[in-house]
Structure formats: C-alpha cells, structure tokens
Amino acid sequence: MFEQEKKRALEHFEKLLDEQLARAERIKATKEFVDYANLDRLVIGVCGGDGIGPYISQVSKDMLEHLLKEEIEAGKVELREINGLTIENRAACGKAIPDDVLAELKECHVILKGPTTTPRQGDPWPNIESANVAMRKELDLFANMRPVKVPDQGIDWVFFRENTEGGYAVGSKGINVNDDLAFDFVVTTTEGTERIAKLAFEYAKNNGINRVDIVTKANVIKTTDGKFLNICKEIAKDYPNIAVDDWYIDIMTAKLVDEKRRRDFRVMVLPNLYGDILTDEAAEFQGGVGTAGSANIGKRYAMFEAIHGSAPRMVSEGRAQYADPCSMLRAVVMLLRHIGRTDKAEALEKAMDICCYEEKAVVITGRPDGATGKEFGEYIKSKL
Ligand code: IPM
Ligand code: MG
Numbered sequence: 015m016f017e018q019e020k021k022r023a024l025e026h027f028e029k030l031l032d033e034q035l036a037r038a039e040r041i042k043a044t045k046e047f048v049d050y051a052n053l054d055r056l057v058i059g060v061c062g063g064d065g066i067g068p069y070i071s072q073v074s075k076d077m078l079e080h081l082l083k084e085e086i087e088a089g090k091v092e093l094r095e096i097n098g099l100t101i102e103n104r105a106a107c108g109k110a111i112p113d114d115v116l117a118e119l120k121e122c123h124v125i126l127k128g129p130t131t132t133p134r135q136g137d138p139w140p141n142i143e144s145a146n147v148a149m150r151k152e153l154d155l156f157a158n159m160r161p162v163k164v165p166d167q168g169i170d171w172v173f174f175r176e177n178t179e180g181g182y183a184v185g186s187k188g189i190n191v192n193d194d195l196a197f198d199f200v201v202t203t204t205e206g207t208e209r210i211a212k213l214a215f216e217y218a219k220n221n222g223i224n225r226v227d228i229v230t231k232a233n234v235i236k237t238t239d240g241k242f243l244n245i246c247k248e249i250a251k252d253y254p255n256i257a258v259d260d261w262y263i264d265i266m267t268a269k270l271v272d273e274k275r276r277r278d279f280r281v282m283v284l285p286n287l288y289g290d291i292l293t294d295e296a297a298e299f300q301g302g303v304g305t306a307g308s309a310n311i312g313k314r315y316a317m318f319e320a321i322h323g324s325a326p327r328m329v330s331e332g333r334a335q336y337a338d339p340c341s342m343l344r345a346v347v348m349l350l351r352h353i354g355r356t357d358k359a360e361a362l363e364k365a366m367d368i369c370c371y372e373e374k375a376v377v378i379t380g381r382p383d384g385a386t387g388k389e390f391g392e393y394i395k396s397k398l
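Note that this note's numbering has the sequence shown beginning at 15, numbered continuously upward.
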C-alpha cells in the first residue's frame, strides 16, 4: 500500500537531508566575526520593502544620513539603496529574493531592510518563501536579537532567537504525502545551537547580566528541542557566574504577563518559532510591534529590520505616512552599535527614549490624528 506516495516522500526527504547535511558542514567553516569598526570603507545597503516599508525606511535612512554625515562625505561609509525587493518584483521573478538583488546584498556589509510582504495561500501573489526568511538563510544570519524595554515597569529583555533553523530551516519545503497526510520538518544542528547560545551568554557577560533563560518545548519536541536545550546548558558551563534556568514556551508565554516575575528575566535564548511568537508578545508591552527593532546577525553579514510586517491595510486605507518608524529606528540603533559607532547609537537611543517614554510632545497613532513618521523622525532629530 502507498508504495508510490512513500517513494515520493522518501526521495523528497532524502533531498532535504542532503541539503541540511551540507549546510551543517558549511556553517562550521566560518569561525570569526567580521570587525566592521575597522573597515576602510563600509557599505550599508538600504532596502525599502513593501507596504509601509518605503515610508519608515525613508525616515530611517534620513536618520542614518544625518548621524553618519561626516563619514559619508569622507567616503568612509556608503549608504547604498537596493531596489527590487518588492513583492511585485519577487512575484515576477518567482523568487523570495531575485538573483540580482541577492548579488547586490552580498556586496554590502550590513543591511537596513524595510518590511517585506510574505505571500500566503489565497493571496494574489505566488506562494513564494518569505524574503526575510530567505535573507536570513542566504546570508546565514543565525542570531535574531530583539530587545524589549519598558523602563517604568522594570522590563529590560533581550531575546536571542535562533534564526535559520527549527521549523524555519525547511519551512517552505514540507511535503503533502497524499491527500490525508502532510509533513513538515524541524532542524537543529550542533553548530547552529552552539553559536546562538554563545552569543546570548557573551551578551549577558559583556553587559553585566547574571542570568540567562533557555526557552524550549523539550518535554514534547524531544529530539530537536532536547538537543537545543542540552547544548545551551553545555555552553552555560563556560559562564559560571551566570545563572541559568530553563522554561517551556507555554509557561514562559504566561510568565511574561506575570508582573511580579517578568522583571527577573533579562536574556532569553530560544529556537526560531518560539522566538518569533514570544517576541511579538513581548513587544506588545512596549507599545506594540511598531516599536520594536531587530538585529539579524551572522559572522559575515548583518541585517537590521522592524519585527513587524508590511501592514498592507495601512496602505490600502491611505495611512502609510502615519506608520510608526520607531521599529526601524530601533533597528538603526542596533546597526550603529554593530558597526562600532557606539556613540552615535547611544545618542539616537537616548533621543528616542526622550521622545517615546519621557517628553512625548509628538505622538504617533497610526492615523491622521497623530504625527506622520517623517514628523516623528524630525522630532527625534531635534533631541539628538
Ligand atoms: C518576524 C516575522 C517573520 C518571521 C515573517 C514575516 C516570516 O514574523 O521577523 O518575526 O516569522 O520570522
Ligand atoms: Mg514574527
């Protein structure tokens, strides 16, 4: 019975297996991080994206231009606009990232990216893979660092979401075995887990944080999450001054709402899908996903973006210019820090904190009763 289906499914699985075995080898080859602070010429690619993307990207690009004016004029930094990462172009090419766009991205050192539309079933677009997910994989951006801060509630979290494995590694390559049975695959590699765990513990150590929480569902997803948990605990042994706790994702989701307990969390390390979900929840405490930025870090490249999508509804309702640029501006803070422009990063972060948490003289509502993103950008600039 089912001989044909089984044969087809096994062939499909064998192909995925070959790809992942090759990837597991490949990622072991890159040992050191590039030191961006000491490059003679640094290229920052800027991709506008879709929906509200071009609007909030423009505000963010202006801010970068303003902050790096001298270095840009001296030819030490180049801001390079990369077009073609729009859903129209991706759909026309039938690719998550068209080849020429990918080649351009690879010529940059770091990338600032506006949100891109991810097609889903029923959309007018072909059901191609998400451009985010593809970029993270193509550039091996293995760590997704997502800070969330609500100072007056004592919340100061940094999530280290594994960014290339878990349910996402072959998320667009599952198989419908027959009409009754569908399979997806979850992937954990030793190197993939070690490198995210090390980054999380190093971050804690370098920032004087004495606690790291590991979040999985290893009680049920025993093999892949079990491996993730075990490796994180192994890495933890190299950091004897950092306390480690492990949580299951369901209870962690609840604990983030627990006002008495949640202040204790500082650094969390977790597999891809749990990181995706938990960081949207976390951002909500800070004022919503529109306020949260995200750094996608690899050893060779890094990409900085908002944690949210392209909000097509804001565009169709004619409100795109009122979109909150803070998510991308927070990503700019992380970008500046990553390229070693720490003083500029701190200046922008401080100005944003004044505008978003303290003075609040200009307010974004996402609607015409609030400021436009451009106006908010100018407000922040006035506090630099
Ligand atoms: C994110 C987004 C993406 C993800 C989507 C757009 C594919 O939700 O960056 O968190 O799931 O990673
Ligand atoms: Mg998400």
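Even glycine gets a Cβ: it sits at the ideal position worked out from N, Cα and C.
C-beta atoms of residue i and residue j nearer than 8 Å
i, j, result
"Val73", "Leu82", "no"
"Pro403", "Ile66", "Here the chain covers residues 15 to 398 and nothing more, so residue 403 does not appear."
"Ala196", "Gln34", "no"
"Ile228", "Leu243", "yes"
"Ile125", "Gly59", "yes"
"Cys61", "Ile96", "yes"
"Ala218", "Val281", "yes"
"Val162", "Phe299", "yes"
"Glu208", "Ile249", "yes"
"Lys187", "Ile142", "no"
"Ile41", "Gly206", "yes"
"Asn192", "Asn177", "no"
"Ala297", "Leu270", "no"
"Ala375", "Ile394", "no"
"Ala43", "Thr203", "no"
"Arg94", "Cys122", "yes"
"Ala345", "Glu319", "yes"
"Gln4", "Gly387", "Only positions 15 to 398 of the chain appear in the structure, and residue 4 is not among them; the question remains open."
"Met77", "Leu349", "no"
"Thr230", "Asp198", "no"
"Thr131", "Ser330", "no"
"Gly185", "Val234", "no"
Buried/exposed call for residue i, threshold 16 Cβ in 10 Å
i, result
"Gln18", "exposed"
"Thr356", "exposed"
"Leu292", "buried"
"Val226", "buried"
"Ser55", "With the sequence shown as reference, residue 55 is identified as Arg, and Ser is not the correct amino acid for it. When all chains shown are included, Arg55 counts as exposed."
"Lys241", "buried"
"Arg150", "buried"
"Arg327", "exposed"
"Ser71", "buried"
"Asp252", "exposed"
"Phe47", "exposed"
"Leu31", "exposed"
"Lys45", "exposed"
"Ile265", "exposed"
"Asp154", "buried"
"Asn221", "exposed"
"Gly168", "exposed"
"Ala211", "buried"
"Gly89", "exposed"
"Arg314", "exposed"
"Asp239", "buried"
"Leu24", "exposed"
"Ala268", "exposed"
"Ala117", "exposed"
"Phe16", "exposed"
Integer Cβ distance of residue i from residue j, believed to fall under 8 Å
i, j, result
"Val258", "Ala214", "Not a contact, Cβ separation roughly 10 Å."
"Tyr50", "Gly354", "6 Å"
"Asn2", "Gly180", "Any property of residue 2 remains undetermined from this structure, which presents the chain solely from 15 to 398."
"Gly136", "Val115", "That pair is no contact at about 26 Å."
"Lys397", "Ile368", "5 Å"
"Gly380", "Ala337", "7 Å"
"Pro68", "Ala105", "Pro68 to Ala105, Cβ: 17 Å. No contact."
Please list the segments of the beta strand (DSSP E) lying wholly inside the stretch 71-144, counting only runs of 3 or more residues, in order along the chain.
With a minimum length of 3 residues, the continuous beta strand (DSSP E) runs that stay inside the stretch 71-144 are 91-96, 124-127.
Every unbroken beta strand (DSSP E) within the stretch 259-330, with a cutoff of 3 residues, ordered by chain:
281-284, 307-311, 316-320, all fully within the stretch 259-330.
Residues whose Cβ lies closer than 7 Å to any heavy atom of the ligand MG, in chain order:
With the cut-off at 7 Å, the residues found are Asp290, Thr293, Asp294, Ile321.
Within the stretch 163-190, ranges of the alpha helix (DSSP H) (whole runs, at least 4 residues)
DSSP runs (the alpha helix (DSSP H)) wholly in the stretch 163-190: none.
Every unbroken beta strand (DSSP E) inside the stretch 27-64 [3 residues or more]
If we require 3 residues or more, the beta strand (DSSP E) runs fully inside the stretch 27-64 come out as 56-61.
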